[in-house]
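Mind the numbering: the sequence shown is residues 147 to 497 in the working numbering, read in order. To start, the structure under review is shown below, and the notes come after it.
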Amino acid sequence: MKTLLVTGGAGFIGGNFVLDVLAQGGVRVINLDKLTYAGNPDTLASLQANPNHLLVQGDIGDRAAVAQLLAEHKPDAIVNFAAESHVDRSIDGPAEFVHTNVVCTLGLLQETLSYWRGLPLDRQDAFRFLHVSTDEVYGSLGPVGRFTEETPYAPNSPYSATKAASDHLVRAYHHTYGLPTLTTNCSNNYGPYQFPEKLIPLMIQKALRGEALPVYGDGRNVRDWMYVLDHCRAIGRVLEAGRPGEVYNVGGDSERENIHVVKTICALLDQRRPLDGGKKRESLITYVKDRPGHDRRYAIDASKIQRELDWKPQETFESGITRTVDWYLANEGWVQRVLDGSYRMERLGDA
Numbered sequence: 147m148k149t150l151l152v153t154g155g156a157g158f159i160g161g162n163f164v165l166d167v168l169a170q171g172g173v174r175v176i177n178l179d180k181l182t183y184a185g186n187p188d189t190l191a192s193l194q195a196n197p198n199h200l201l202v203q204g205d206i207g208d209r210a211a212v213a214q215l216l217a218e219h220k221p222d223a224i225v226n227f228a229a230e231s232h233v234d235r236s237i238d239g240p241a242e243f244v245h246t247n248v249v250c251t252l253g254l255l256q257e258t259l260s261y262w263r264g265l266p267l268d269r270q271d272a273f274r275f276l277h278v279s280t281d282e283v284y285g286s287l288g289p290v291g292r293f294t295e296e297t298p299y300a301p302n303s304p305y306s307a308t309k310a311a312s313d314h315l316v317r318a319y320h321h322t323y324g325l326p327t328l329t330t331n332c333s334n335n336y337g338p339y340q341f342p343e344k345l346i347p348l349m350i351q352k353a354l355r356g357e358a359l360p361v362y363g364d365g366r367n368v369r370d371w372m373y374v375l376d377h378c379r380a381i382g383r384v385l386e387a388g389r390p391g392e393v394y395n396v397g398g399d400s401e402r403e404n405i406h407v408v409k410t411i412c413a414l415l416d417q418r419r420p421l422d423g424g425k426k427r428e429s430l431i432t433y434v435k436d437r438p439g440h441d442r443r444y445a446i447d448a449s450k451i452q453r454e455l456d457w458k459p460q461e462t463f464e465s466g467i468t469r470t471v472d473w474y475l476a477n478e479g480w481v482q483r484v485l486d487g488s489y490r491m492e493r494l495g496d497a
């Protein structure tokens, strides 16, 4: 049985990855999460009695704690989801993003390198450090074209700048020290257990309450949307068969304008839970001042991972967004427990 150290495994993508990989079996997960606002142990409630899951509250920046976990559990791979990830929060407070995404990632890499150097040669060869990143490091696209693994980095927000820095550190640790690293740069994820400051769960919650639905600018910013379980399985495939030192772009092949996403959510909720008097939720859409540095379009060329690792997304945008809306309707208790914390669906990132 393989042992994985998963960092940030109580967050949105990390939590879905942990749930999925344990459901597949044959693996033990040591789950290190700081449990800040976006790390939610409630997401992992179904694993409480699972002997193959250990949740440890801690910080990847605590090098002594990381070293102890590595020495005690001797993982075969590390999957690094731990990051501050919300663009709007990075605009309000960039320093925390530099600390977590750059300084703490550097500490994690250094402790991993020390651990890896101490492994027997056969385990060194099999070991992997997989760093989960974002397509936002590439900047903004015009109306045509897609990001490839060779696209120059051009981050436009404090968040994407710090993720770009961490990507470069991971690359450097492979080329300088030989650490067998892998990096994935993914498009916008959505699905179960997503913290409700992000567009899709935020719109679902506000639309359910009949509140105004704030859409930045003209609503025509384009994102490549990917259902989170498709992403999790791509990570599993890269971990299994990816070539050390390589970068793999992971996308959903589902470009949609933000306004289209919001209108789709409105239509699905109108069908499932109509408002009093038959009012259409699309009438709640309110255009608000655009976010500073708001990238116009992202789109991923995922042909490399499709060609080399035989991965492709299973969900279309239409099937994935339907599954997502239905999950939030069926799990309102989870949402309410999240909202009992400090976040109140306010707008962030006005700078």
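C-beta: ideal position from N, C-alpha, C; glycine also.
Do the CB positions of residue i and residue j come within less than 7 Å of each other?
i, j, result
"Gly141", "Phe227", "Examination of residue 141 is not possible in this model, given that the chain is present from 147 through 497 alone."
"Val408", "Leu455", "no"
"Phe243", "Thr322", "no"
"Val368", "Tyr305", "no"
"Ser303", "Gly397", "no"
"Cys378", "Asp166", "yes"
"Asp313", "Thr329", "yes"
"Asn331", "Ser286", "no"
"Ala353", "Arg427", "yes"
"Asn186", "Ala229", "no"
"Asp370", "Tyr444", "yes"
What residues in its chain sit with their C-beta under 6 Å from that of residue i, if we drop five residues either side in the sequence?
i, result
"Leu178", "Thr153, Val202, Gly204"
"Glu257", "Arg209, Val212, Ala213"
"Pro338", "Trp473"
"Ala311", "Val248"
"Asp268", "none"
"Trp457", "Ala380, Arg383, Ile451"
"Leu414", "Val471"
"Arg174", "Met147, Thr149, Asn198"
First and last residue of the alpha helix (DSSP H) that includes residue i?
i, result
"Glu242", "240-244"
"Met372", "That residue, Met372, is in no alpha helix (DSSP H); its beta strand (DSSP E) goes 368-373."
"Val167", "158-170"
"His320", "304-323"
"His219", "209-219"
"Asp472", "463-476"
"Leu193", "Here Leu193 belongs to no alpha helix (DSSP H), and DSSP marks it neither H nor E."
At what residues does the beta strand (DSSP E) containing residue i begin and finish?
i, result
"Ser279", "274-280"
"Cys412", "Premise fails: Cys412 lies in the alpha helix (DSSP H), 404-418, not in any beta strand (DSSP E)."
"Thr149", "148-153"
Ignore the nearest five residues each way along the sequence and tell me which others in residue i's own chain have a CB closer than 8 Å to its CB.
i, result
"Val249", "Gly207"
"Ala497", "With a pLDDT of 42 at Ala497, under the threshold of 50, the predicted position of this residue should be treated as unreliable, though the coordinate-derived value follows. The residues are Ile237, Asp238, Pro438."
Roughly how many whole angstroms lie between the Cα atoms of residue i and residue j?
i, j, result
"Glu135", "His406", "Absent from the structure is residue 135, since the part of the chain shown begins at 147 and ends at 497."
"Pro197", "Ala300", "43 Å"
"Arg263", "Glu392", "20 Å"
"Gly172", "Lys148", "7 Å"
"Val361", "Val434", "6 Å"
"Gln482", "Asp188", "11 Å"
"Ala217", "Glu478", "40 Å"
"Pro342", "Leu348", "5 Å"
"Asn395", "Ile446", "7 Å"
"Arg493", "Tyr261", "Unreliable positioning characterises Arg493 in this predicted model, as indicated by a pLDDT of 45, which lies under 50. The coordinate reading is nonetheless provided below. Rounded to whole angstroms, Arg493 to Tyr261 spans 42 Å at the Cα level."
"Lys344", "Pro266", "43 Å"
"Ala387", "Arg453", "12 Å"
"Gly291", "Asp486", "42 Å"
"Gly324", "Pro390", "9 Å"
"Leu421", "Pro298", "47 Å"
"Arg235", "Thr182", "13 Å"
"Glu296", "Asp222", "29 Å"
"Ile467", "Tyr336", "8 Å"
"Pro289", "Gly424", "37 Å"
"Leu168", "Ile176", "11 Å"
"Ala191", "Arg442", "38 Å"
"Thr432", "Thr246", "34 Å"
Shortest alpha-carbon distance to residue i belongs to which of the options?
i, options, result
"Leu385", "Leu287, Cys412, Val225, Arg174", "Val225"
"Gly161", "Gly171, Asn404, Leu193, Asp447", "Leu193"
"Gln351", "Ala476, Val175, His219", "Ala476"
"Pro459", "Ala448, Pro298, Arg469", "Ala448"
"Pro326", "Phe275, Thr410, Ser429, Lys180", "Phe275"
"His199", "Gln170, Ser231, Val164", "Val164"
"Ala184", "Ala195, Ala191, Phe158, Ala169", "Phe158"
"Tyr373", "Thr470, Pro390, Thr280, Gly424", "Thr470"
"Leu259", "Leu287, Val175, Val316, Ser465", "Val316"
"Ser462", "Ala229, Glu401, Gln340", "In the sequence under discussion, the amino acid at residue 462 is Thr, which differs from the Ser named in the question. Answer by Cα proximity: Glu401."
"Glu464", "Leu190, Ser429, Glu403, Thr410", "Thr410"
"Leu252", "Tyr319, Leu215, Leu190, Ala195", "Tyr319"
"Asn404", "Ser429, Arg355, Leu215, Ile346", "Ile346"
"Arg366", "Val484, His440, Gln340", "His440"
"Val484", "Gln340, Asp281, Ser429, Ala195", "Gln340"
Between which residues of its own chain and residue i is the CB-CB distance below 7 Å, once the five residues before and five after are set aside?
i, result
"Lys220", "Thr149"
"Arg490", "Note that Arg490 scores a pLDDT of 49, beneath 50, so its modelled location is shaky; the value from the coordinates is reported in the next line. Contacts found: none."
"Arg270", "The sequence shown places Gln at residue 270, not Arg. Correct list, in chain order: Trp262."
"Pro240", "Pro304"
"Asp376", "Gly398, Pro459, Gln460, Glu461"
"Val283", "Tyr299, Pro301, Ser306, Lys309, Ala310, Asp313, Asn331"
"Asp416", "Lys426, Arg427"
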